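The sequence shown begins at 2 in the working numbering and counts up one residue at a time.
For glycine and all other residues, C-beta sits at the position ideal for the given N, C-alpha and C.
Note that the coordinates shown come from a computational prediction; the quantities given were computed from them, not determined experimentally.
Take a look at the structure below.
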Amino acid sequence: MLEFNAVSSLAELNGMMRSSAKADLFWLTWLLQEARSSNVIEGTVTTFEEILGENAGVVVPAERQDDVREVINYKEATEAGLQAINNGRDITLSLVKSLHALLLGGTRGEKKSPGQYRTIQVHIGRPGSTPDTATYIPPDPVHVPALLENWEKFLRRADLNPLIQAAVMHAQFEMIHPFCDGNGRMGRLLITLLLAEKKLLTKPCFYMSAYLQEHRTEYYTALGNISQQGSWKEWIEFFLNAVILRSKHNKDLLTAMNDLYEQSKSTFPAITGSVNAVQILDYMFSKPLFTQPDLQKHVGTARTRQGFTNILHKLEQADIIAKAAPGKGRTPAVWRFTALMELLS
């Protein structure tokens, strides 16, 4: 029953995304949320506004750049993986290594052999733990290539429920722990890719990391009990429940975002007095944190800079947008689409 409910919940969400006329406007913000949550699990703490701001071209303070870069890398690696799947590629070890290189490139993990299997023995535990006090010791690096070959063969099986397959795939990847760094993030990224490869997702609308972040202790306990007690049942039940609950959350969020879009679409033309009102609205849904120059570039009309300034002033007066950060010198002000940001927070 749990298995059936999980498949049904995800299918309903996927169907809602396929029937939503503006679904493509929503998925990027969801992906950025996923990227942030997956990194928070590993201790990289950022705010959602920081990530949206960087995505809108806002300059990130030097002391925050490392954290933000890791989140953006996750987003870009996920996009690259989904593009590969859409182009007909399967998840292969070659693809995993190339995505891992994207994940760690230009970050604090850059010196930990991005895209290359580990050649040293590692252990997993609390900071400062030793092999004797570790909660888990992954396989000797000499065994990693062979274990991954078996893991890859498992992904090719067509006789399993894809959600069960995704649960087992993720756990096996974490236990093999093939890289020196980034295994948790890479393993969570692979969940989305496998569901896309197995055609459970035709739109990139489902990500698990927010749920796993909220239930971090249960997540790690269920994973740990596989190696310690052989308790696959506990892990698979945890995973399927996560799918059900996260699918419901995303269905509710999608309904609210669709309602907000339709409501805004009916009021934007009168408020802005612009024939480009719907284009402006679409842009704001795809980037709920934005700058005026970026908006002008996106809309691409002959309207003057002052014309866009007037539009933003009208939207501000109507309490639709608010300044997230003031402009200074050549740095433009950052605007927040208030109602959408409240939905996403």
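Just to confirm my understanding: we take residue i, look at its own chain, exclude 5 residues before and 5 after, and list those with CB closer than 7 Å. What are they?
{"i": "arginine 37", "result": "Thr47, Phe49, Ile52 and Val72"}
{"i": "histidine 101", "result": "Pro115, Gly116, Phe180, Gly183 and Met187"}
Please report the distance separating the alpha-carbon of residue i from that of residue j.
{"i": "phenylalanine 240", "j": "leucine 190", "result": "15 Å"}
{"i": "serine 20", "j": "aspartate 283", "result": "17 Å"}
{"i": "glutamine 349", "j": "lysine 23", "result": "Beyond the ends of the chain as shown, which are 2 and 346, falls residue 349; an answer cannot be given."}
{"i": "leucine 32", "j": "lysine 76", "result": "6 Å"}
{"i": "tyrosine 220", "j": "isoleucine 312", "result": "47 Å"}
{"i": "glutamine 122", "j": "alanine 340", "result": "49 Å"}
{"i": "methionine 176", "j": "arginine 186", "result": "13 Å"}
{"i": "asparagine 259", "j": "phenylalanine 27", "result": "9 Å"}
{"i": "isoleucine 86", "j": "leucine 224", "result": "27 Å"}
{"i": "glycine 89", "j": "glutamine 307", "result": "46 Å"}
{"i": "lysine 288", "j": "serine 99", "result": "28 Å"}
{"i": "phenylalanine 174", "j": "asparagine 184", "result": "8 Å"}
{"i": "leucine 94", "j": "threonine 134", "result": "31 Å"}
Go through its chain and collect everything with a Cβ distance to residue i's Cβ below 8 Å, but skip five positions before and after it.
{"i": "arginine 1", "result": "Outside the displayed range of the chain (2 to 346) lies residue 1, so it cannot be described from this structure."}
{"i": "leucine 246", "result": "Tyr212"}
{"i": "glutamate 4", "result": "Asn162, Leu164, Ile165 and Leu241"}
Which residue or residues does DSSP assign as beta-bridge partners of residue i?
{"i": "lysine 324", "result": "Trp336"}
{"i": "threonine 292", "result": "Val335"}
{"i": "lysine 112", "result": "None, per the DSSP bridge assignment."}
{"i": "lysine 329", "result": "Thr332"}
{"i": "isoleucine 125", "result": "Tyr137"}
Using C-beta distances below 6 Å, list every residue in its chain close to residue i, excluding the 5 sequence neighbours before and after it, in chain order.
{"i": "phenylalanine 269", "result": "Ala278 and Leu282"}
{"i": "glutamine 214", "result": "Ser38, Val41 and Ile42"}
Subject >> the segment 160 to 170 in contact with the segment 233 to 251 per 3-pair CB rule at 8 Å >> reply: yes
Original post:
Do the segment 82 to 90 and the segment 187 to 205 make contact, defined as three or more Cβ pairs closer than 8 Å?
Top reply: yes
Subject >> Minimum length 3: unbroken beta strand (DSSP E) runs contained in the segment 60 to 101 >> reply: none
Original post:
Unbroken alpha helix (DSSP H) runs of length 4 or more, entirely within the segment 176 to 247: which are they?
Top reply: 184 to 198, 210 to 215 and 217 to 230
**OP:** Tell me, please, whether the segment 156 to 166 touches the segment 125 to 132 by the rule of three or more beta-carbon pairs shorter than 8 Å.
**Re:** no
Subject >> the segment 192 to 202 contacting the segment 53 to 66, beta-carbon criterion three pairs below 8 Å >> reply: no
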